[in-house]
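Numbering follows my numbering, with no gaps: position 299 of the sequence shown is 313.
Ideal placement from N, C-alpha and C gives every residue a C-beta, glycine not left out.
Worksheet for the structure shown next.
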Amino acid sequence: MQAWQVHENGEPSEVMRLAEVPRPAPGDGQVLLRVRAANINFPDALLCRGQYQVRPPLPFTPGVEICGETEDGRRVIANPALPYGGFAEYTLADARALMPAPDALDDAEAAALHIGYQTGWFALHRRAHLEAGETLLVHAAAGGVGSAAVQLGKAAGATVIGVVGGADKAAVARELGCDVVVDRRSEDVVAAVKEATGGRGADVIYDPVGGEAYAQSAKLVAFEGRIVVVGFASGTIPSPALNHALVKNYSILGLHWGLYATKNPKLILRCHEELTDLAARGAIRPLVSERVPLSEAAVAVQKVADGRSIGRIAVVMEGAA
């Protein structure tokens with residue numbers, strides 16, 4: 015079969031190589047899946063760079079979420095079992111963790127429903143307890159993770175403020191349903207959000223960026239507000255001033271979604287049921303901006319790594335829906 019492999023760490027476009035390799039053999043508790051579509055995530059770039067919290071042995075195939083097909087013809091969503099990632103014609107996955115792909119979504123959309131939307135759901139509902147009528151601020155609102163949070167926030171009845179970088183991403187954020195859009199490249203984020211909220215700030219802030227975005231969050235969180243930290247796409251991990259959290263009376267919450275797979279896997283299945291229902295009702299739909307063939311996976315991963323993507327980019331196999 016064809017699969018992209020990483021033999022040394024570095025930038026995706028430099029270290030990913032397409033090769034003919036043997037089809038992987040399932041181990042205990044694993045199933046072989048034919049990949050229908052693989053969604054590209056920022057962690058794929060971190061895997062290539064050797065900067066992700068999981069470091070599979072070299073060589074490995076990136077690709078951490080897919081829509082695949084079982085040998086008996088079931089269409090499923092799965093996290094591939096590294097080192098056999100999703101940027102390949104076949105991959106392996108834990109049989110217990112397979113989830114049915116929603117009928118309302120095509121293969122590329124189904125592949126993009128998992129990590130980003132699960133992260134958003136757990137962050138907004140399990141950690142921050144977002145309520146209808148509250149104000150949600152989403153950093154990188156036009157990105158893969160941010161766009162999911164925007165849709166989930168709107169579905170929960172929140173007023174959503176999206177922060178983006180550039181006019182093209184601002185247009186996408188408006189199409190996603192953001193009530194207010196702030197372009198950090200041309201506007202003062204803090205001033206714009208304070209004006210939009212009458213000086214009150216946001217009840218919940220969803221931050222997959224870190225760095226300067228977190229510094230803005232601390233200035234914009236409302237009384238009894240919640241900042242949910244879900245990642246550091248900026249490359250800078252902030253050091254919060256806890257005296258500021260005390261004086262302003264807000265919470266700083268971390269969300270490591272992957273821990274639920276071992277700590278409370280039933281919640282992941284319950285979340286998937288919620289997401290499937292929302293997709294069936296049309297309340298959420300993954301924004302897949304590009305669909306590329308397997309041969310273009312390395313270029314697409316580099317685009318995500320460089321922050322040049324909008325929504326999701328999916329690698330779609332020949333014959334996929």
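- Proximity to Leu267 across Val45, Leu292, Phe56 and Leu256 peaks at Leu256, based on C-alpha coordinates.
- Under the DSSP assignment, Val223 falls outside any alpha helix (DSSP H); it carries neither an H nor an E label.
- Judged by their CB atoms, Ala154 and Gly160 are nearer to each other than the 8 angstroms cut-off.
- The C-alpha of Ile80 lies about 12 angstroms from the C-alpha of Tyr98.
- Within the DSSP secondary-structure output, Met113 pairs in a beta bridge with Ile91.
- Approximately 5 angstroms separates the beta-carbon atoms of Leu269 and Val244; this is inside 8 angstroms, confirming the contact.
- Within the same chain, and ignoring the five residues on either side of Arg37 in sequence, the residues whose Cβ sits closer than 7 angstroms to its Cβ are Met15 and Tyr104.
- Counting C-beta pairs closer than 8 angstroms gives three or more between the region 290-303 and the region 120-132, which meets the contact rule.
- Annotated three-state conformation of Ser265 is strand, per DSSP.
- The three-state secondary structure of Asn278, taken from DSSP, is coil.
- Tyr131: member of the alpha helix (DSSP H) spanning Ile129 to Trp135, first to last residue.
- Per the coordinates, the alpha-carbon of Ala229 lies some 16 angstroms from the alpha-carbon of Gly179.
- Across the set His139, Gly176 and Glu145, the C-alpha of Gly176 shows the shortest separation from the C-alpha of Gly157.
- Cβ atoms of Leu150 and Ala205 stay farther apart than 8 angstroms, at about 19 angstroms.
- The alpha carbon of Tyr264 has as its nearest neighbour, out of Arg214, Lys280 and Lys277, the alpha carbon of Arg214.
- DSSP places Leu106 in the strand class (E or B) of the three-state scheme.
- Counting only runs that start and end inside the region 16-76, the beta strand (DSSP E) elements of at least 3 residues fall at 16-20, 30-34 and 44-53.
- Cβ atoms of Asn53 and Ala126 come within 8 angstroms of each other, at about 4 angstroms.
- Using a Cβ distance threshold of 8 angstroms, Phe74 and Leu106 do not count as a contacting pair.
- In the structure shown, Ser303 adopts extended strand secondary structure according to DSSP, grouped into three states.
- As DSSP reads the structure, Glu79 sits in a beta bridge with Asn53.
- Remark: three or more beta-carbon pairs, one from each stretch, lie closer than 8 angstroms, so the region 81-92 and the region 44-51 are flagged as touching.
- Less than 8 angstroms separates the beta-carbon of Val20 from that of Pro76.
- Per DSSP, the unbroken beta strand (DSSP E) holding Val235 starts and ends at Val235 to Val243.
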